[in-house]
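Inspection log for the structure reproduced underneath, given as structure tokens.
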Amino acid sequence: MAIDGAGVGRQDFVDRHGLWRDEQTRAAAEVAKRIEADGLESVRFSFADQHGLLRGKTLMAGAVPQALRNGVNIVTTLIAKDTSHRTVYPVFSEGGGFDMPEMTGAGDLVMVADPTTFRVLPWAERTGWMLCDIYFANGRPVPFSTRRLLAEALAGLADRGQGFMAGLEVEFHLFRLEDPRLAPADATQPATAPEVSLLAHGFNYLTETRFDELEPALEILRRQWLDMDLPLRSVEVEFGPSQCEATFLPMDAMAAADTLVLFRSATKQIARRHGLHATFMCLPALPNLFASGWHLHQSLIDARTNDNLFTPSVDDAALSPLGLSFVAGLIDHAAAGSAFVAPTINAYKRYKPNSLAPDRAAWSRDNRGVMLRALGGAGDAGSRIENRAGDPAANPYLYLLSQLLAGLDGIDRALDPPPPTDTPYDNHDAPALPQSLMDAVSVLKADGFYRDRLGDRFVDYFVHIKEAEIARFLATVTDWEQAEYFEMF
């Protein structure tokens with residue numbers, strides 16, 4: 473209970489709307505102790521936006537106790553922006569373009585911290601960090617919060633006595649920053665891309681020599697990742713020039729999504745402070761680079777026993793019957809879910825025949841050409857499905873959510889997957905994945921399944937933002953067009 477300026481008792485925002493679990497209330501008390509014990513001067517309150525980017529405010533340590541109880545106000549337009557950070561809704565019209573009074577006039581949202589996510593940031597002196605959920609001023613959850621959508625789906629799964637486990641393999645490029653392009657003429661929207669150089673040549677895949685060339689830069693990142701207690705499993709050198717991969721220990725789906733938004737943001741911040749540039753863009757427009765992917769390993773567990781429900785009981789089976797139905801659901805909804813799995817225009821430049829990136833929805837046992845790889849087997853508690861279609865820039869809450877919803881639909885309808893294939897690029901019966909973001913958004917827009925599960929309001933919201941991104945792309949004269957037409961015509 474707080475006391476307002478008139479001396480009248482009032483409940484804090486968190487208490488008034490019942491926003492914390494007991495675990496979070498206890499964690500908030502520990503956060504206050506930690507701030508004092510570590511001599512922190514500031515704490516960042518951040519939320520993951522519709523693109524999976526962290527946005528928020530930095531508060532001085534003395535303001536944190538009140539901010540924990542009452543939240544932190546932040547402008548509603550942050551959830552109305554495309555990837556150029558342009559507001560693509562008419563926020564000053566009635567309903568703000570959302571047909572919602574709370575979105576009218578660029579008012580405020582309230583960020584409410586999840587104290588269980590508290591970290592001390594090792595690269596920012598005397599600075600803490602917390603991930604937040606977003607609410608309207610009336611205490612109503614913001615329906616466009618992708619973290620909340622995943623939380624609701626996981627709560628429904630818990631009611632079934634099950635949990636969703638995820639393992640992350642994320643590729644990215646790490647360069648030396650040569651010119652950040654900070655001249656006023658470069659301050660466009662979006663800004664001029666920085667100039668970079670390689671840290672190592674590529675193609676010597678997983679050789680120790682190439683890894684050691686990257687190690688001085690990776691050491692800087694690795695130590696600070698570990699200082700944040702990120703559940704890092706390995707750091708590897710990938711096939712392409714200056715390309716790396718980080719893998720993480722298996723964890724529950726919400727922890728995995730939270731981990732990835734922090735990992736990407738932290739990696740970019742740490743790199744920049746050390747004269748480096750890290751990018752999770754799928755295929756940068758630089759000579760000789762290879763596309764990066766995000767392979768998502770997933771399984772269901774028994775919430776009571778933690779037993780893996782995808783582990784088969786028959787020696788020659790790829791997965792349990794439950795796991796096979798999950799595969800069938802992923803294949804059935806692969807095209808409609810593609811906009812969540814690969815939400816950028818650039819991501820679709822990765823899908824090529826006879827490559828390590830899939831161009832159709834097929835599955836197999838341990839075949840890296842398919843979209844879905846079944847790993848494990850009888851007696852293997854690590855049995856799982858690996859989806860190889862993901863874009864490293866994907867919003868992790870939406871990527872995991874799309875997989876869970878599709879897989880559960882396969883289970884609920886007792887679907888059988890098509891036969892596995894060892895020749896994925898010769899399998900013309902397998903459904904083709906969308907070949908562009910334009911196609912992917914069009915399929916999602918017309919899809920009844922995700923509309924039923926996520927609601928028309930969210931699907932229309934997501935589609936509108938993606939269509940704004942696509943419209944800007946189509947209105948831009950590209951280097952390809954200049955080379956193709958300028959001289960000839």
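Just so we're aligned, residue 473 is where the sequence shown starts under the numbering used here, counting upward by one. Note that CB positions come from ideal geometry on N, CA and C, so glycine has one too.
Review point. Would the region 593-609 and the region 689-701 be scored as touching if the rule is three or more Cβ pairs under 8 Å?
Key: yes
Practice item. Go to residue 605, then tell me how far its beta strand (DSSP E) extends in each direction, as first and last residue. Key: Along the sequence shown, read from residue 1 onward, the residue named residue 605 stands at position 133. 599-608 is the span of the beta strand (DSSP E), which, as asked, contains residue 605.
Exercise for review: Quick one: grab the DSSP three-state call for residue 690.
Suggested key: Residue numbering aside, residue 690 sits at position 218 when the sequence shown is read from its first letter. Correct three-state label for residue 690: helix.
Point to revise | Every unbroken alpha helix (DSSP H) within the region 503-583, with a cutoff of 4 residues, ordered by chain | key: 536-542
Point to revise | Inside the region 621-702 only - beta strand (DSSP E) runs reaching at least 3 residues | key: 634-651, 667-669
Point to revise | Bridge partner(s) assigned by DSSP for residue 944 | key: In the sequence shown, the residue the question calls residue 944 occupies position 472. Looking at the DSSP output, residue 944 shares a beta bridge with no other residue.
**Study point:** Under 8 Å between C-beta atoms of residue 801 and residue 882
**Key:** Residue 801 sits at position 329 when you count from the first residue of the sequence shown. Residue 882 sits at position 410 when you count from the first residue of the sequence shown. Cβ atoms of residue 801 and residue 882: closer than 8 Å.
**Study point:** Cutoff 6 Å; reference residue 574; Cβ partners in own chain excluding five residues on either side
**Key:** Position 102 of the sequence shown, counted from the first residue, corresponds to residue 574. Cβ within range, chain order: 608.
Practice item. Measure the beta-carbon distance from residue 907 to residue 820 and round it to whole angstroms, keeping in mind my assumption that it falls under 8 Å. Key: Locating residue 907 in the sequence shown gives position 435, where the first residue counts as 1. Locating residue 820 in the sequence shown gives position 348, where the first residue counts as 1. Their Cβ separation, rounded to whole angstroms, is 6 Å, which keeps residue 907 and residue 820 in contact under 8 Å.
Check your understanding: Is the distance from the Cβ of residue 586 to the Cβ of residue 604 below 8 Å?
Key -> Translated into the one-based positions of the sequence shown, residue 586 becomes position 114. Translated into the one-based positions of the sequence shown, residue 604 becomes position 132. In contact: residue 586 and residue 604 (Cβ atoms closer than 8 Å).
Point to revise | Which of helix, strand or coil DSSP assigns to residue 939 | key: Within the sequence shown, numbered from 1, the residue matching residue 939 stands at position 467. Here residue 939 sits in helix by DSSP.
Practice item. Report yes if the CB atom of residue 835 is closer than 8 Å to the CB atom of residue 784, and no otherwise. Key: Numbered from its first residue, the sequence shown carries residue 835 at position 363. Numbered from its first residue, the sequence shown carries residue 784 at position 312. Taking 8 Å as the Cβ cut-off, residue 835 and residue 784 do not qualify as a contacting pair.
Check your understanding: When the Cα of residue 868 is compared with those of 599, 833, 725, 553, which residue comes out closest?
Key -> Within the sequence shown, the letter at position 396 stands for residue 868. Among 599, 833, 725, 553, the Cα nearest to that of residue 868 belongs to 725.
Point to revise | First through last residue of the alpha helix (DSSP H) which encompasses residue 877 | key: For this step, residue 877 is matched to residue 405 along the sequence shown. Element bounds for residue 877: 868-884.
Check your understanding: Per DSSP, residue 862 forms a beta bridge with which residues?
Key -> Here residue 862 refers to the residue found at position 390 when the sequence shown is read from its first residue. Answer by DSSP bridge pairing, in chain order: 766.
Exercise for review: Quick one: using the 10 Å Cβ neighbour count with 16 as the cut-off for buried, is residue 654 buried or exposed?
Suggested key: The residue you call residue 654 lines up with position 182 of the sequence shown. It counts as exposed.
Practice item. Please check the pair residue 583 and residue 638, which I expect to be a contact at CB under 8 Å, by giving their CB distance rounded to whole angstroms. Key: Counting from 1 along the sequence shown, the entry for residue 583 is found at position 111. Counting from 1 along the sequence shown, the entry for residue 638 is found at position 166. About 25 Å; that fails the 8 Å criterion.
Practice item. Could you please give me the residues that DSSP links to residue 847 through a beta bridge? Key: Walking along the sequence shown from the start, residue 847 turns up at place 375. For residue 847, which the question treats as bridged, DSSP gives the partners 856.
Check your understanding: Does DSSP classify residue 817 as helix, strand or coil?
Key -> Here residue 817 corresponds to residue number 345 of the sequence shown, with the count starting at 1. It is coil, neither helix nor strand.
Exercise for review: Return the first residue and the last residue of the alpha helix (DSSP H) that residue 717 is part of.
Suggested key: The count along the sequence shown starts at 1 and reaches residue 717 at position 245. Annotation for residue 717: no alpha helix (DSSP H) segment contains it, though the beta strand (DSSP E) segment containing it runs 715-720.
Check your understanding: Around the C-beta of residue 946, are 16 or more other C-beta atoms found within 10 angstroms, so that it is buried, or is it exposed?
Key -> Here residue 946 is taken as the residue at index 474 of the sequence shown, counted from 1. Flag for residue 946 reads exposed.
**Study point:** Assumed close pair residue 775, residue 646 - CB separation to whole angstroms, cut-off 8 Å
**Key:** The residue you call residue 775 lines up with position 303 of the sequence shown. The residue you call residue 646 lines up with position 174 of the sequence shown. About 38 Å separates the two Cβ atoms, so there is no contact after all.
Practice item. Taking residue 667 and residue 691 to be in contact with their CB atoms under 8 Å, please state how far apart those CB atoms are, rounded to whole angstroms. Key: The residue you call residue 667 lines up with position 195 of the sequence shown. The residue you call residue 691 lines up with position 219 of the sequence shown. The Cβ separation is near 24 Å, so there is no contact.
Review point. What are the partner residues of residue 837, as DSSP defines its beta bridges?
Key: For this step, residue 837 is matched to residue 365 along the sequence shown. Answer is 846.
Review point. In the structure shown, what three-state DSSP assignment does residue 786 receive?
Key: Counting from 1 along the sequence shown, the entry for residue 786 is found at position 314. Coil, per DSSP.
Practice item. Give me whichever residues DSSP pairs with residue 751 in a beta bridge. Key: Here residue 751 is taken as the residue at index 279 of the sequence shown, counted from 1. Bridge partners of residue 751: 645.
Point to revise | For residue 893, three-class secondary structure by DSSP | key: By one-based count along the sequence shown, residue 893 stands at place 421. Coil, per DSSP.
Check your understanding: Which residues in the same chain as residue 910 place their Cβ atom closer than 7 Å to its Cβ, once the five residues preceding and following it in sequence are excluded?
Key -> Taking the sequence shown and counting its residues from 1, one reaches residue 910 at position 438. Correct list, in chain order: 942.
Practice item. Along the beta strand (DSSP E) that carries residue 707, what are the first and last residues, could you check? Key: Along the sequence shown, one-based indexing puts residue 707 at 235. Note, residue 707: beta strand (DSSP E), 704-709.
Exercise for review: Measure the CB-CB distance between residue 590 and residue 506 and report whether it falls below 8 Å.
Suggested key: For the purposes of this step, residue 590 is identified with residue 118 of the sequence shown, where counting begins at 1. For the purposes of this step, residue 506 is identified with residue 34 of the sequence shown, where counting begins at 1. Contact flag set, yes.
Review point. How should residue 688 be labelled, buried or exposed, when 16 other C-beta atoms within 10 angstroms of its C-beta is the threshold for buried?
Key: If you number the sequence shown from 1, residue 688 lands on position 216. Flag for residue 688 reads exposed.
Review point. Can you find at least 3 beta carbon pairs, one from the region 792-801 and one from the region 924-933, that sit closer than 8 Å?
Key: No, the region 792-801 does not touch the region 924-933.
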